[in-house]
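Colleague:
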């Protein structure tokens, strides 16, 4: 596979390669994953079946910081609101229906369970892989 020589600790290499070059490299892939979610498990299995070994970020154990959340918004090309699971009861409890982008990001910082899942990042692009079959066309 192209770029299979890049080790899991990618910081050294990302300093020398442009984001555009890295976006074509299957080794530079992350999945924001919840192992308790069947759709997230399906997406991870699809990636692994395709011969990819993404960095698995269990975002409930290691919540994304504000910079990571803003990067996801940019990489997804979606409004901040689309990163949230609006069907969760916590969404309504927090009164997020009319919240600003800053309030939504703050809610995600304090309540990572509101983050859509799974989110797959490849280089400078990201995809909410729900349903997981969306990955087939994206890869």
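Numbering (the numbering used here), first residue to last: 11 to 149.
The beta-carbon is built from N, C-alpha and C at its ideal position, and this holds for glycine as well.
What you are looking at is a predicted structure, and each value in this text was computed from that prediction instead of being measured.
Going by C-alpha to C-alpha distance, which of 58, 121, 110 and 146 sits closest to residue 71?
Modeller: Among 58, 121, 110 and 146, the Cα nearest to that of residue 71 is on 121.
Colleague: For residue 107 and residue 99, I'd like the C-alpha separation in whole angstroms.
Modeller: Each residue's alpha carbon lies about 12 Å from the other.
Colleague: For residue 64, name the three-state secondary structure that DSSP assigns.
Modeller: Coil, per DSSP.
Colleague: So, with DSSP's three-state summary, where would you put residue 49?
Modeller: DSSP places residue 49 in helix when its eight states are reduced to three.
Colleague: DSSP puts residue 136 in a beta bridge; with which residues?
Modeller: Paired residues: 131.
Colleague: So, does the segment 124-131 touch the segment 38-56, judging by three or more C-beta pairs under 8 Å?
Modeller: Taking 8 Å as the limit for Cβ pairs, the verdict is that the segment 38-56 does touch the segment 124-131.
Colleague: Here's the rule I'm using: 16 or more other beta-carbon atoms within 10 Å means buried, otherwise exposed. How should residue 63 be labelled?
Modeller: Per the 10 Å Cβ criterion, exposed.
Colleague: Could you please give the first and the last residue of the uninterrupted alpha helix (DSSP H) stretch that includes residue 120?
Modeller: Start and end: 111-120.
Colleague: Excluding the 5 residues flanking residue 60 on each side, which residues of the same chain have their C-beta closer than 7 Å to its C-beta?
Modeller: 149, listed in sequence order.
Colleague: Do you know offhand how far residue 124's Cα is from residue 105's?
Modeller: Rounded to the nearest angstrom, the two C-alpha atoms are 13 Å apart.
Colleague: Residues bridged to residue 38 by DSSP?
Modeller: Beta-bridge pairing links residue 38 to no other residue.
Colleague: Residue range of the alpha helix (DSSP H) that residue 78 falls in?
Modeller: Where residue 78 is concerned, the enclosing alpha helix (DSSP H) stretches over 76-86.
Colleague: Where does the unbroken alpha helix (DSSP H) through residue 101 begin, and where does it stop?
Modeller: Unbroken alpha helix (DSSP H) run through residue 101: 99-103.
Colleague: Specify the secondary structure class of residue 70 as computed by DSSP and reduced to three states.
Modeller: Residue 70: coil per DSSP, three-state reduction.
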